[in-house]
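The structure appears below as structure tokens.
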Amino acid sequence: MVKTIIDYEDWKNIEHLKPYSYTCGYCGETVGSSYGYLLKYHDDIAIYLCPYCGRPSFMENYVVTPGAVYGQSITNLPDTVQSLYDEARNSYQVGAFTGVVLICRKILANVAVYYGAEDGQSFIKYVDYLIDNGYVPEKSREWVDKIRLEGNSATHNHTSKNKNDAQRILDFVQMLLLINFKFNSDYNNSENNN
Ligand SMILES: [Zn+2]
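Residue numbers (numbering that gives the first Met the number 0): 0 to 193.
Shown next as structure tokens:
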């Protein structure tokens with residue numbers, strides 16, 4: 000996620016702040032930081048520097064921006080799937096929950112096509128394909144049914160409902176990708192042969 004490790008001490012004129020613990024939105028580490036910049040006349044507004052990756056996070060009323068990225072980082076996915084998965088996690092981070100749901104549906108379609116499903120089908124057909132061909136554990140069928148129903152109404156405007164939907168489908172996509180791409184030896188072997 001983070002390309003260059005920056006030494007936080009290299010930032011100019013850093014100040015000693017009240018220690019604050021948060022999950023860094025850049026590197027994903029949970030850190031305790033006591034360095035950064037304080038806003039004049041305000042005790043609860045500051046910029047904290049991550050001791051791990053050196054990047055700055057803005058803290059106001061104990062809310063840190065950027066927030067933590069949701070889900071696990073997975074690398075070495077097929078190209079399109081990789082960029083979509085990263086985009087879904089980034090969308091979740093900024094609270095773009097409808098976007099998460101739509102991107103995750105696109106990921107499911109891409110993975111199904113990657114495993115031989117016909118292009119241009121409906122979302123439900125792709126999900127069925129993944130279950131019927133064993134890419135999704137049979138036990139998670141109930142979970143999938145929920146996603147199927149919710150996916151059809153990704154347009155509802157209720158934020159907390161959107162958030163739950165986003166979380167559920169992102170969890171599901173994460174599991175699908177981990178099972179099939181991280182732990183599937185066929186894929187790893189074919190990668191090594193290429
Ligand atoms: Zn960091």
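Backbone N, C-alpha and C fix where the C-beta goes; we use that ideal spot for every residue, glycine too.
Cβ of residue i within 8 angstroms of any chain C Cβ
i: Asn179; result: Among the chains in the structure shown there is no chain C, since it carries only a single protein chain.
Continuous alpha helix (DSSP H) stretch holding residue i: start and end
i: Tyr125; result: Phe122 to Asp131
i: Phe96; result: Phe96 to Tyr113
i: Tyr84; result: Asp78 to Gln92
Residue i, buried or exposed, once every other Cβ within 10 Å from all chains shown has been counted against 16
i: Val126; result: buried
i: Ile123; result: exposed
i: Ile4; result: exposed
i: Val62; result: exposed
i: Tyr40; result: exposed
i: Arg140; result: exposed
i: Phe171; result: buried
i: Gly24; result: buried
i: Asn161; result: buried
i: Asn109; result: buried
i: Leu38; result: exposed
Contact belief for residue i with residue j at Cβ below 8 angstroms, rounded distance in angstroms
i: Thr22; j: Ala67; result: 4 angstroms
i: Tyr91; j: Ala45; result: That pair is no contact at about 25 angstroms.
i: Pro50; j: Tyr7; result: 6 angstroms
i: Tyr114; j: Asn89; result: Not confirmed; about 25 angstroms, so no contact.
i: Gly35; j: Pro18; result: That belief does not hold up - the Cβ atoms of Gly35 and Pro18 are roughly 11 angstroms apart, past 8 angstroms.
i: Ile102; j: Glu117; result: So it is not a contact: roughly 21 angstroms between Cβ atoms.
CA-to-CA distance, residue j to residue i, given in whole angstroms
i: Leu76; j: Gly70; result: 15 angstroms
i: Glu14; j: Leu169; result: 38 angstroms
i: Ala237; j: Tyr84; result: A question about residue 237 goes unanswered here, because the residues of the chain that appear run from 0 up to 193.
i: Asp9; j: Leu16; result: 16 angstroms
i: Asn179; j: Val93; result: 28 angstroms
i: Leu177; j: Arg104; result: 17 angstroms
i: Leu129; j: Cys52; result: 38 angstroms
i: Leu107; j: Gly31; result: 37 angstroms
i: Glu28; j: Lys11; result: 23 angstroms
i: Tyr134; j: Asn163; result: 24 angstroms
Handout entry: Whole beta strand (DSSP E) elements within the region 11 to 75, 3-residue minimum
Key = 14 to 22, 29 to 37, 44 to 48, 55 to 59 and 62 to 64
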